[in-house]
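Inspection log for the structure reproduced underneath, given as structure tokens.
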Amino acid sequence: MTLTHPAYEQLRQVTPSAAVVLADNPSGMTLQGTNTWLLRAPGSSEYVLVDPGPKDRKHTEALVRETGGNIALTIVTHHHADHTGGISRLVKETGTPVRAVDPQFLHGTDQVLTDGEVIEAAGLRITVLATPGHTEDSISLLIDGPDGERALLTGDTVLGTGTTVLESRDDALADYLTSLKRLAEAAPGRHLLPAHGPDHADAEPVITYYIKHREERLQQVRDALEKLGPKAKALQIVAVVYADVDKRLWPAAHSSVKAQLAYIRSHG
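Mapping to the UniProt record's numbering: the sequence shown position 226 is 226, numbers consecutive.
Below is the structure:
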């Protein structure tokens with residue numbers, strides 16, 4: 001039987017070089033849960049693992065089982081606990097080196113990930129793209145495999161369904177729009193591998209939607225400012241723009257609106 005998303009703690013093959021194990025940590029923020037990606041070219045004896053997932057013994061055990069502990073490298077897309085909580089146990093069980101933008105997550109190396117860096121491992125060519133916005137340390141990965149196989153792994157920068165939350169820092173939206181532009185340029189012909197939600201065979205229309213959505217949200221915030229006055233607070237705008245959204249998600253929306261307000265007030 002062919003597995004479909006969501007398939008908790010089971011290996012689901014997505015492309016010839018990419019498989020996923022979904023952590024059983026669903027929530028309003030994680031959607032169905034956190035996707036841990038296992039990357040290797042057909043015939044390779046080792047894996048590159050992306051995002052160990054939450055601190056959850058069952059999830060780590062599934063990763064060790066499915067890789068046989070043969071992990072050449074673990075990559076972290078950003079610092080949030082639902083992606084990094086499982087690092088310590090994974091390192092203990094497999095000895096995998098871990099690389100990230102944030103040095104606090106490094107294991108077995110002192111080299112942080114850098115924009116444009118190319119990693120050759122598990123029979124694959126993996127290019128690191130800095131894609132801040134969701135967090136300042138967010139990265140995406142261009143994955144090029146044998147026989148022309150191409151994928152785009154986006155962490156939380158682009159999800160498999162819905163849209164992502166931005167940091168509330170002043171430059172977050174400007175950074176994020178730049179990140180989406182970079183991803184749009186890289187997307188044609190690539191399979192989308194997100195950290196939450198289902199994968200997509202074609203990344204391009206998903207990223208095009210993301211750009212359109214951000215433009216629409218910006219206009220909605222501008223309209224709310226016209227209605228509420230230029231000194232309106234972020235939470236007042238959330239109540240207008242996100243009136244149809246579950247209020248339990250308003251704290252996340254509040255972060256994004258703060259980023260949007262900072263962008264509008266500095267860019268117009």
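Ideal Cβ positions, reconstructed from N, Cα and C, are used throughout, including at glycine.
Nearest neighbour of Glu-215, chosen from Val-240, Ala-151, Ser-88 and Tyr-176 [CA to CA]:
Measuring from the Cα of Glu-215, the nearest candidate turns out to be Tyr-176.
Ordered list of beta strand (DSSP E) runs contained in the stretch 57-96, each at least 3 residues:
If we require 3 residues or more, the beta strand (DSSP E) runs fully inside the stretch 57-96 come out as 71-75.
How would you label Ala-243, buried or exposed, when you count the other beta carbons within 10 angstroms and need 16 or more for buried?
Classification for Ala-243: exposed.
Look at the Cβ atom of Leu-173, then the Cβ atom of Gln-260, and state whether they are nearer than 7 Å.
Cβ distance < 7 Å, so Leu-173 and Gln-260 count as in contact.
Start and end residues, alpha helix (DSSP H) containing Asp-24
Per DSSP, Asp-24 is not a residue of any alpha helix (DSSP H), being assigned neither H nor E.
According to DSSP, Pro-194 sits in a beta bridge with which residue or residues?
Pro-194 is bridged by DSSP to Gly-155.
Does any CB atom of chain B fall closer than 7 Å to the CB of Arg-222?
Absence of chain B from the displayed structure is noted, only one protein chain being present.
For Lys-258, which residues of its own chain have a beta-carbon under 6 Å away from its beta-carbon, when the five flanking residues on both sides are left out?
Spatial neighbours of Lys-258 in its own chain (CB-CB distance under 6 Å, excluding positions within 5 residues in sequence) are listed in chain order as Ser-168 and Ala-234.
Helix, strand or coil at Val-240 according to DSSP, with G and I counted as helix:
Three-state result, Val-240: helix.
Nearest residue (CA-CA) to Glu-185, options Ala-121, Ile-75, Thr-164 and Ser-140:
Among Ala-121, Ile-75, Thr-164 and Ser-140, the Cα nearest to that of Glu-185 belongs to Ser-140.
Drop a sphere of 10 angstroms on the beta-carbon of Asp-82, count the other beta-carbons inside from all chains shown, and report buried for 16 or more, exposed for fewer.
A residue is called buried when at least 16 other Cβ atoms come within 10 angstroms of its Cβ; Asp-82 meets this threshold and is buried.
His-254 versus Val-165, Ala-224, Asp-171 and Gly-53, residue with shortest Cα-Cα distance:
With distances taken between Cα atoms, His-254 lies closest to Val-165.
So within the stretch 105-178, which uninterrupted beta strand (DSSP E) runs reach at least 3 residues, ignoring any that extend past its ends?
DSSP runs (the beta strand (DSSP E)) wholly in the stretch 105-178: 118-121, 124-130, 139-144 and 150-155.
Looking only at C-alpha atoms, which of Ile-126, Arg-217 and Thr-60 sits nearest to Gly-95?
Ranked by how close their Cα comes to the Cα of Gly-95, the residues Ile-126, Arg-217 and Thr-60 have Thr-60 in first place.
Could you name the residues that DSSP lists as bridge partners for Gln-13?
Here Gln-13 is bridged, per DSSP, to Ala-19.
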